Each structure stands twice: as C-alpha cells, then as structure tokens.
Amino acid sequence: MTVSQERRTAVVAGATSASGLALTRRLIEDGVAVVAVGSDAGRLADAYADLDAVDRQECDLTDEDAVTALAQRVQEEHGGADALFHLVGGWRGGKGITTQSTDDYAFLHSSVFLTLFNTTRAFYDQLAERGGRLAAVTATAVAAPTAANASYAAVKASVDAWLQAVAQGFTKDGSEAASTAVVVKALVDDTMRAEQPERSFPGFTHVDDLARTLASLLEAPAAEVNGARIDPDRG
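Each residue of the sequence shown is one higher than the last, beginning at 16 in the numbering used here.
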C-alpha cells in the first residue's frame, strides 16, 4: 500500500503549535485525515474548536508506553499512519560554551529528540508498510553552530542523524516510505509579525511555507525525498 491511496491519514505531532495548525489546515484542504497530537487536551480543544473532523489525541511523547498506545489507536481507528510530521520543538541557549546548562540540554533532548525517537519507532512499521512519509524540522544551525546555540545545534544534529538512519532503514527494508529533514533557520507566523511590525525576520520561514513543503511530501516520489534535506524557501 502506498500514499496514493484514496484516503490517507497523517499524524501531526506538536499540533497546537503555529506550524502544527498551519500544516493541519493544509492537509485537510488536501483531503488528508489528521490525527492532531498534543500534550494538553485543553490546548488541543481550543486550537481545533472549529475543526471537528480532526482526531485530537493527547499524548506525552516523551513516554514510550504512551506513544506505543497512540500508535495502536491510530492503527485500530484509521488503519495506520500514511505520514508522521514531527513539529515538536523548543529552544534554549546561552552566551557561550560554559553557559550551556545541563538543564537546558536535558529540556532540548527531551522535547526535540526523545519525542522524535519515540514516535518514529512506534510508527515505523505502519509507515514502512503503507509507503508513508516521515518528516521533521531541523535547523541551519547544524551546519553553522555557534557557542551560544551549541546545545540546540547538537540536539538538532541528532534529529538530522536519526532521520538519515530511518531513511536507510526504509531503503534496507525495501519500503516505498521516505524520511525527510526540512531545514529552517527559524519559523515565523502572522501573529509574530503583528506583534513585532518593526522586525523583518530575515531568513525566517513562514509556517504556511513549511506546511506547503511538508504536505507536498505525500505526493513526492520516495526516491526523491528519502534521506533528503529540504529548504522550504528554495522551492
């Protein structure tokens, strides 16, 4: 089974973020069923109050057992996931190497990498079987880390490496699935622009452009996007 099937299901992790909301709306416009995953039921309800068709799932993605149960629900209720879009993130930094704290690194590792680690393992078989798509957002900081953002860049480098490893796994298993990294400097949305009208946000990617890029992966040939690192501002 491939992602060309008539009714596809995408799991959006980090669904209450601005990027999660933008992607969910884009997927719905494209006729894709969405399982919106967030850590707080109240925020999910508020974020999707006008989108009754969205399956809202509260889940602590740092909890392996909870994520396994989530994947089982998606299998039972939707027949499996055709896409897993990981939009869980966060940022912590310092003024230099010695100011990178263990607490900040632990936060980044847990929120950015551990959530991806758990979700990709839980949904791997579904994606491999259905020729699905896995995508997560990584950062330009990986290629040009600074002392101030050292912890963040190191964790995002882990995300890059993990996505590459999953891509190799799909190839090794003979699957038509694909694992893709979408690389941005930072994200911006309309609310941020309205709150800071004097700021130009140079190099930032609008969440709508990110959503367009992620949604397009469902139609892209696996050979073109498996293991790829895509810049949404360059096509």
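Even glycine gets a Cβ: it sits at the ideal position worked out from N, Cα and C.
Just so it is clear, the structure is predicted and the values come from calculations on it, not from any experiment.
- In the DSSP assignment, Glu73 falls outside any alpha helix (DSSP H) and lies within the beta strand (DSSP E) extending over Asp70 to Glu73.
- In the structure shown, Leu232 adopts coil according to DSSP, grouped into three states.
- Looking at the DSSP output, Val26 bridges to Val50 and Leu99.
- Counting other Cβ atoms within 10 Å of its Cβ, Arg88 stays below 16 and is therefore classed as exposed.
- Put simply, the backbone Cα of Val50 is about 24 Å away from that of His124.
- In terms of CA proximity to Ala158, Val170 leads the group Ala150, Gly147, Val170 and Ala151.
- For Val197, the enclosing beta strand (DSSP E) starts and ends at Ala193 to Val199.
- The DSSP assignment places 117-123 as complete runs of the alpha helix (DSSP H) inside the segment 104-128, in order along the chain (cut-off: 4 residues).
- Distance from the CA of Ser166 to the CA of Ala150, rounded to the nearest whole angstrom, comes to 22 Å.
- In terms of Cβ geometry, Ala98 and Ala25 form a close pair [threshold 9 Å].
- DSSP places Val89 in the uninterrupted alpha helix (DSSP H) bounded by Glu79 to His93.
- In the assembly as shown, Arg22 is an exposed residue. Its beta-carbon has fewer than 16 other beta-carbons within 10 Å.
- In this structure, Asp223 lies near Ala37, with their beta-carbon atoms less than 9 Å apart.
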